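Numbering (our numbering), first residue to last: 24 to 287.
All residues carry an ideal CB built from backbone N, CA and C; glycine is no exception.
Being a predicted model, the structure only gives us computed values, none of them experimental.
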Amino acid sequence: MPLDLPFGFILILRMAVTAVFVLAATVTAERAGPLVGGLVATLPLGGGPVYVFLAMDHDADFIAASAITSLAVNAVNVSFALIYALLAQTRSLAISLSLALVAWFAFALAIYTVPWTLTTAIILNVVVLAVCITLARPLRNVKIPLLYRRWYDLVLRASLVAALVGITVTLSFHIGPSGSGIIAIFPIILISVILILHPRVGGKPTAAVMANAVLGLVGFAFACITLHLTAVPLGSAIGLSLALCASVAWSLLVLLARRHGIPV
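1) Please work out which residues of its chain come closer than 6 Å, Cβ to Cβ, to glycine 239, disregarding the five sequence neighbours upstream and downstream, and give them in chain order.
2) Quick test of your reading: isoleucine 146 and leucine 183, contact by CB under 8 Å. State the CB separation rounded to the nearest angstrom.
3) Is there contact between the region 234-248 and the region 264-277, where contact requires at least three CB pairs shorter than 8 Å?
4) Isoleucine 118: buried (16+ other C-beta within 10 angstroms of its C-beta) or exposed?
5) Would you identify the three-state DSSP class for phenylalanine 209, choosing helix, strand or coil?
6) Have a look at threonine 249 and isoleucine 134 and give me their C-alpha separation to the nearest angstrom.
7) Between which residues of its own chain and valine 237 is the CB-CB distance below 7 Å, once the five residues before and five after are set aside?
8) Relative to the C-alpha of valine 232, which candidate in Leu257, Leu141, Gly262, Leu109 has its C-alpha closest?
9) If we call anything under 9 Å between Cβ atoms a contact, is tryptophan 127 one with valine 99?
10) Look at the alpha carbon of valine 277 and the alpha carbon of lysine 227, and state the distance between them as a whole number of angstroms.
11) What is the DSSP secondary structure of valine 241, reduced to helix, strand or coil?
12) Would isoleucine 205 and valine 96 qualify as a contact pair, given that the criterion is a beta-carbon distance under 9 Å?
13) Measuring straight from C-alpha to C-alpha, what distance separates threonine 143 and proline 200?
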């Protein structure tokens, strides 16, 4: 699709709508502690709207194929969250986030070179999640002090998410479903939470949010699987709706389990 004037207006509108949606969700999460913060941050707040807009421009086969790559990259996001959480115990924001991002790009590049299937992507997630959830468990329970939000916090978050939407939708016509599946779930929400929280509350409380995000990303894996299986037979709109339900259902199950003292 050429970048003509109408497309530019539509793209800006898409970016703005997504940014507003993400802001509303993450502001709520920040006030609810590391568990809820981590779970909400891993809902499809960034990738979900991107997929909605991709579905407006591409057919269901494209969406289903992208979901497979996104499922594989979900394991990369899990690794990113854990690496940051471990480093942030003793390291600065710059070091912790930089090294986590270096790892993300290295792993994502490796993901891009592999022709993933649903089976292999599921196996990858099971292995990575099993290891990372175990390592993240001791880091989860740290109290986050009450924050007083500055106006530029919101601007930063909105800008990061809007940029992700703009880049993905524009590049999707050139990079195909695999590339779109990777860019669509670049951990922009996790990064924005880190950039906001770490300088204000310190590494350990921010790491607690990321440690809980590791658990929350199980729900995102379910969302990707659901989208892949339902997009073609039921249509992209229904597939995306069911994928959102799968992610939300997992988060609610985790909250219910914690409330009743069930270890997860």
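Well, looking at it:
1) Locating residue 239 in the sequence shown gives position 216, where the first residue counts as 1. Here the set comprises Gly61, Leu62, Thr65.
2) The residue you call residue 146 lines up with position 123 of the sequence shown. The residue you call residue 183 lines up with position 160 of the sequence shown. That belief does not hold up - the Cβ atoms of isoleucine 146 and leucine 183 are roughly 32 Å apart, past 8 Å.
3) yes
4) For the purposes of this step, residue 118 is taken as residue 95 along the sequence shown, with counting starting at 1. Under this definition isoleucine 118 is an exposed residue.
5) Against the sequence shown, residue 209 aligns to sequence position 186. Looking at phenylalanine 209 - three-state DSSP - the assignment turns out to be coil, as it is neither helix nor strand.
6) Locating residue 249 in the sequence shown gives position 226, counting from the first residue. Locating residue 134 in the sequence shown gives position 111, counting from the first residue. Cα-Cα distance, rounded: 20 Å.
7) Taking the sequence shown and counting its residues from 1, the one referred to as residue 237 is at position 214. These residues qualify, in order along the chain: Val101, Ala104, Leu105, Cys155, Ile156, Ala159.
8) Walking along the sequence shown from the start, residue 232 turns up at place 209. Cα-wise, what sits closest to valine 232 is Leu109.
9) If you number the sequence shown from 1, residue 127 lands on position 104. If you number the sequence shown from 1, residue 99 lands on position 76. For tryptophan 127 and valine 99, yes; Cβs fall inside 9 Å.
10) Within the sequence shown, numbered from 1, the residue matching residue 277 stands at position 254. Within the sequence shown, numbered from 1, the residue matching residue 227 stands at position 204. Going by the C-alpha atoms only, they are around 22 Å apart.
11) Sequence index remark: in the sequence shown, residue 241 carries index 218 (1-based). Note: valine 241 maps to helix in three-state DSSP.
12) Along the sequence shown, one-based indexing puts residue 205 at 182. Along the sequence shown, one-based indexing puts residue 96 at 73. Yes, Cβ-Cβ distance for isoleucine 205 and valine 96 is below 9 Å.
13) As a first step, residue 143 is located in the sequence shown; it is residue number 120 there, counting from the start. As a first step, residue 200 is located in the sequence shown; it is residue number 177 there, counting from the start. About 17 Å.
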